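Residue numbers (the working numbering): 4 to 724. Each remark here refers to the structure printed beneath this line.
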Ligand SMILES: [Zn+2]
Ligand SMILES: [Zn+2]
């Protein structure tokens, strides 16, 4: 009797045992199809000794339906999946799902049917059809994908197929990707770069676990350095994974990579069409895709021949996943490198205190690149005191910054204004009665977006048209915008410099790699004079003619006051400042603030990052905060406020008394209501040495709560909302 244990892709189910039919060969890691009641579910065969399951007699076992013709998930990946589930207190099936991220890729079919416009305009052109034709444009994809892109129903698309306006095309999904050439166009490295690259190449050759912190100021050429490690990995026929924090950064990266290696790497992100996703997954799983660049979800893919991992912009907090399995991709990447036994490079101009500390105690090897590449100098940075040098009433740019913009435009150079706030104004109120527009589902103000004529909630996405009169006092035309967002700053710039060509760069305008590519091309062609952007413009871009950066409100990031507020502000401003003067022309940076004496501002202006980090690190050490201590958030939510409160209290009362651990709360979470759910929060603070996950597992495992209540544990939280 041949039986096996299978972990199914269903987080509500534990592992189940099955019978292996005669003639089917499976082992640990095999990807299989198994029956469950009347359904068929995908799963992976697991070592029975590592996963407990209900014992079922041989005679009651059902047979597996199929073993897929794909390489099994390798041992180190299965250990990574177990570790991630364990560490982040997540269902193991939810982690496994990230490895098998393209269900359709499992089947061997070689083609997918996609659809595109034929150019024919149907006789009967309803508004829905007209909208579909306009929005589809050059797009190609499944019926569902086109319907989503055009914001119409599947039926509208099918109707257009029947009418001949849209045609089917067969797309091959098993075409191999071109292989990047390690010797295509190697750069001339400067001395410090060469030494760092040499060290990484050695580590790739040694093929054992070796974590590196590649620490270099913006523009110092970190990318060229780790490209040499990728070249070595390619020469050895191994795969490389490069993790980027934002998909908007993918496009410039692909270009740079293609210039160095002759071909683009394989991209993996949420913007892929199903056929692209399927082709990429199969190429990755069979080892054909040699270099993969992706967002955090690419971390769990089944690379059979991984030889190197690079995490670029490793300090970025967007590596932390805030929904579903709440993992931190940088930390899990290090664990994957350890389990696979390979080098990992964390690259950053402003490494996180967590990473610095690991270098400090000698766990990570630090490679420093002190200078900017070529002739470029670090930009000259000055604070603009908004109290001494205030903008005119109703304006946000101080005279000093306006003058600098004027000089920049006169010189034919480009400027960048940074404000980490989307939309026109963060708050809208009635000047007659003071009514404020709040989201009906969240504890958050509605943000005015003039580009699309909407008030929007940035937490749940709730939208409404701006009303013509106040809903409270019925006064007409009484609504006023309070405070600036990027759209308002762009308006101010257009007022001041009517001739200037202004571009707004936020997730509202750059929502896909293609949009990012378009922006880059326009910047490079000199078709934009002034960019107004959120944190989306702070990193990765390299525009030699950009010589002025203005930080509109340096105090904004400090307002939240969470653990990492000062560090994050420092990183953000240092990153955006790094966009200035990357070519031969020198750059300058003006930082508007109400408090020029704040330590963060002082460190930025003087360029003394080291003493700022030293002070931040000591403050964390004193308070036993991460990385010197540990935190875990427990968020209790329900549509019923009383139920949420009651459950949170129940959990609070049941808190175990454990040495070196304290539990704070329950208290309403700062976002006390989110997406229509009331939220209470408990915060667990523990010593580093404590296995806090085990404590929480026991603690919550012994409790029960009503069905409508959700209890989510956030281990090592980054968001304190
Ligand atoms: Zn009113
Ligand atoms: Zn909302």
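We put the beta carbon where it would ideally sit given N, CA and C, even for glycine. Since this is a predicted model, take the numbers as computed values, not measurements.
Should residue 514 go down as buried or exposed, given a rule of 16 or more other Cβ atoms within 10 Å for buried?
-> Looking up residue 514 in the chain shown gives position 511. Exposed: under 16 other Cβ atoms inside 10 Å.
Report the partner residues of residue 418 according to the DSSP bridge assignment.
-> As a working note, residue 418 is residue 415 in the chain shown. DSSP output for residue 418 lists 533 and 551 as bridge partner(s).
From the DSSP output, in three-state form, read off residue 91 for me.
-> Taking the chain shown and counting its residues from 1, the one referred to as residue 91 is at position 88. Reduced to three states, the DSSP call for residue 91 is coil.
Distance, residue 694 Cα to residue 629 Cα = On the chain shown, residue 629 is found 626 positions in, with the first residue counted as 1. On the chain shown, residue 694 is found 691 positions in, with the first residue counted as 1. Going by the C-alpha atoms only, they are around 15 angstroms apart.
Distance, Cα to Cα, residue 36 vs residue 29?
-> As a first step, residue 36 is located in the chain shown; it is residue number 33 there, counting from the start. As a first step, residue 29 is located in the chain shown; it is residue number 26 there, counting from the start. The straight-line gap from Cα to Cα measures roughly 11 angstroms.
Is the Cβ-Cβ distance between residue 457 and residue 468 less than 9 angstroms?
-> What you label residue 457 is simply residue 454 of the chain shown in a count that begins at 1. What you label residue 468 is simply residue 465 of the chain shown in a count that begins at 1. Closer than 9 angstroms, so yes.
Out of curiosity, what's the CA-to-CA distance linking residue 534 and residue 417?
-> For the purposes of this step, residue 534 is identified with residue 531 of the chain shown, where counting begins at 1. For the purposes of this step, residue 417 is identified with residue 414 of the chain shown, where counting begins at 1. Answer to the nearest angstrom: the Cα atoms are 8 angstroms apart.
Could you please give the first and the last residue of the uninterrupted beta strand (DSSP E) stretch that includes residue 565?
-> For this step, residue 565 is matched to residue 562 along the chain shown. First-last for residue 565: undefined, no H or E at that position.
Hey, residue 102 and residue 73 are a contact pair by Cβ (cut 8 angstroms); roughly how many whole angstroms apart?
-> One-based indexing of the chain shown puts residue 102 at position 99. One-based indexing of the chain shown puts residue 73 at position 70. Contact flag wrong, Cβ pair sits at about 12 angstroms.
The alpha helix (DSSP H) with residue 229 in it runs from where to where?
-> Indexing the chain shown from 1 puts residue 229 at position 226. Per DSSP, residue 229 is one residue of the alpha helix (DSSP H) stretching across 225-238.
Span of the alpha helix (DSSP H) holding residue 368?
-> Start at 1 with the first residue of the chain shown, and residue 368 comes out as number 365. Where residue 368 is concerned, there is no enclosing alpha helix (DSSP H), although the beta strand (DSSP E) it sits in stretches over 368-372.
Is residue 298 closer than 9 angstroms to residue 248 when the C-beta atoms are compared?
-> Here residue 248 corresponds to residue number 245 of the chain shown, with the count starting at 1. Here residue 298 corresponds to residue number 295 of the chain shown, with the count starting at 1. Cβ atoms of residue 248 and residue 298: closer than 9 angstroms.
Cβ-heavy atom distance between residue 451 and ligand 1 below 8 angstroms?
-> Looking up residue 451 in the chain shown gives position 448. For ligand 1, not one heavy atom lies less than 8 angstroms from the Cβ of residue 451.
So what does DSSP say about residue 725, is it helix, strand or coil?
-> No answer is possible for residue 725: the residues shown for the chain start at 4 and end at 724.
Could you spell out the range, first to last residue, of the alpha helix (DSSP H) harbouring residue 680?
-> Taking the chain shown and counting its residues from 1, the one referred to as residue 680 is at position 677. It is not in any alpha helix (DSSP H) - residue 680 instead sits in the beta strand (DSSP E) that spans 680-690.
Beta-bridge pairing of residue 7 - partner residues as DSSP gives them | Here the question's residue 7 lines up with position 4 in the chain shown. Beta-bridge pairing links residue 7 to 21.
Chain-order list of residues whose beta-carbon lies under 7 angstroms from that of residue 18 (same chain, five-residue window excluded) = Your numbering for residue 18 matches position 15 in the chain shown. So the qualifying residues of the chain are 8, 9, 10, 49, 54 and 56.
Return helix, strand or coil for residue 107, following the three-state DSSP convention.
-> As a working mapping, residue 107 is identified with position 104 in the chain shown. The answer is helix: DSSP assigns residue 107 an H, G or I state.
Between residue 444 and ligand 2, is the CB less than 8 angstroms from at least one heavy atom?
-> By one-based count along the chain shown, residue 444 stands at place 441. Yes, the Cβ of residue 444 comes within 8 angstroms of a heavy atom of ligand 2.
Buried or exposed: residue 133, going by 16 or more other Cβ atoms within 10 Å of its Cβ?
-> Stepping through the chain shown from its first residue, residue 133 is reached at position 130. Result: exposed.
Are the segment 614-633 and the segment 355-371 touching by the rule of at least three beta carbon pairs closer than 8 angstroms?
-> yes
Name the residue from 504, 163, 185 and 202 whose alpha carbon lies nearest to the alpha carbon of residue 238.
-> Taking the first residue of the chain shown as 1, we reach residue 238 at position 235. The candidate whose alpha carbon is nearest that of residue 238 is 185.
Pair every Cβ in the segment 485-494 with every Cβ in the segment 427-438, then say whether three or more of these pairs are closer than 8 angstroms.
-> yes
Mapping DSSP to helix, strand and coil, what is residue 115?
-> To locate residue 115, count along the chain shown from 1; it is residue 112. Reduced to three states, the DSSP call for residue 115 is strand.
What's the gap between the Cα of residue 593 and the Cα of residue 554?
-> Residue 593 sits at position 590 when you count from the first residue of the chain shown. Residue 554 sits at position 551 when you count from the first residue of the chain shown. Spanning the two alpha carbons is a distance of roughly 6 angstroms.
By Cβ distance, which residues of its chain are closer than 6 angstroms to residue 572, with the 5 residues on each side in sequence left out?
-> What you label residue 572 is simply residue 569 of the chain shown in a count that begins at 1. These residues qualify, in order along the chain: 560, 561 and 603.
Cα separation between residue 337 and residue 608?
-> By one-based count along the chain shown, residue 337 stands at place 334. By one-based count along the chain shown, residue 608 stands at place 605. Approximately 33 angstroms, taken between the alpha carbons.
Which listed residue (698, 638, 679 and 709) has its alpha carbon closest to that of residue 715 = What you label residue 715 is simply residue 712 of the chain shown in a count that begins at 1. Comparing Cα positions, the closest option is 638.
Cβ-Cβ separation, residue 34 to residue 71 (assumed contact under 8 angstroms), whole Å = Taking the first residue of the chain shown as 1, we reach residue 71 at position 68. Taking the first residue of the chain shown as 1, we reach residue 34 at position 31. The Cβ separation is near 4 angstroms, so the contact holds.
Locate the beta strand (DSSP E) running through residue 383, then write down its first and last residues.
-> Against the chain shown, residue 383 aligns to sequence position 380. DSSP places residue 383 inside the beta strand (DSSP E), whose first and last residues are 383-388.
Pull up the CB-CB distance for residue 655 and residue 685, whole angstroms please, since I reckon it's below 8 angstroms.
-> Here residue 655 refers to the residue found at position 652 when the chain shown is read from its first residue. Here residue 685 refers to the residue found at position 682 when the chain shown is read from its first residue. Confirmed, about 6 angstroms.
Would you check if there are 3 or more beta carbon pairs closer than 8 angstroms linking the segment 641-650 to the segment 399-414?
-> no
Taking one C-beta from the segment 276-295 and one from the segment 322-329 each time, how about it: are there three or more such pairs within less than 8 angstroms?
-> With a cut-off of 8 angstroms, the segment 322-329 and the segment 276-295 do not count as touching, because too few Cβ pairs lie within range.
Check whether the segment 231-245 touches the segment 291-308, taking contact to mean three or more Cβ pairs, one atom from each stretch, closer than 8 angstroms.
-> Yes, since at least three Cβ pairs between the segment 231-245 and the segment 291-308 fall closer than 8 angstroms, the two stretches touch.
Can you give the Cα-Cα distance for residue 370 and residue 220, rounded to whole angstroms?
-> Here residue 370 corresponds to residue number 367 of the chain shown, with the count starting at 1. Here residue 220 corresponds to residue number 217 of the chain shown, with the count starting at 1. Roughly 12 angstroms separates the two Cα atoms.
Pair within 9 angstroms by beta-carbon distance, residue 387 and residue 98 = For the purposes of this step, residue 387 is taken as residue 384 along the chain shown, with counting starting at 1. For the purposes of this step, residue 98 is taken as residue 95 along the chain shown, with counting starting at 1. It is not a contact, given that the beta carbons lie outside the stated cut-off.
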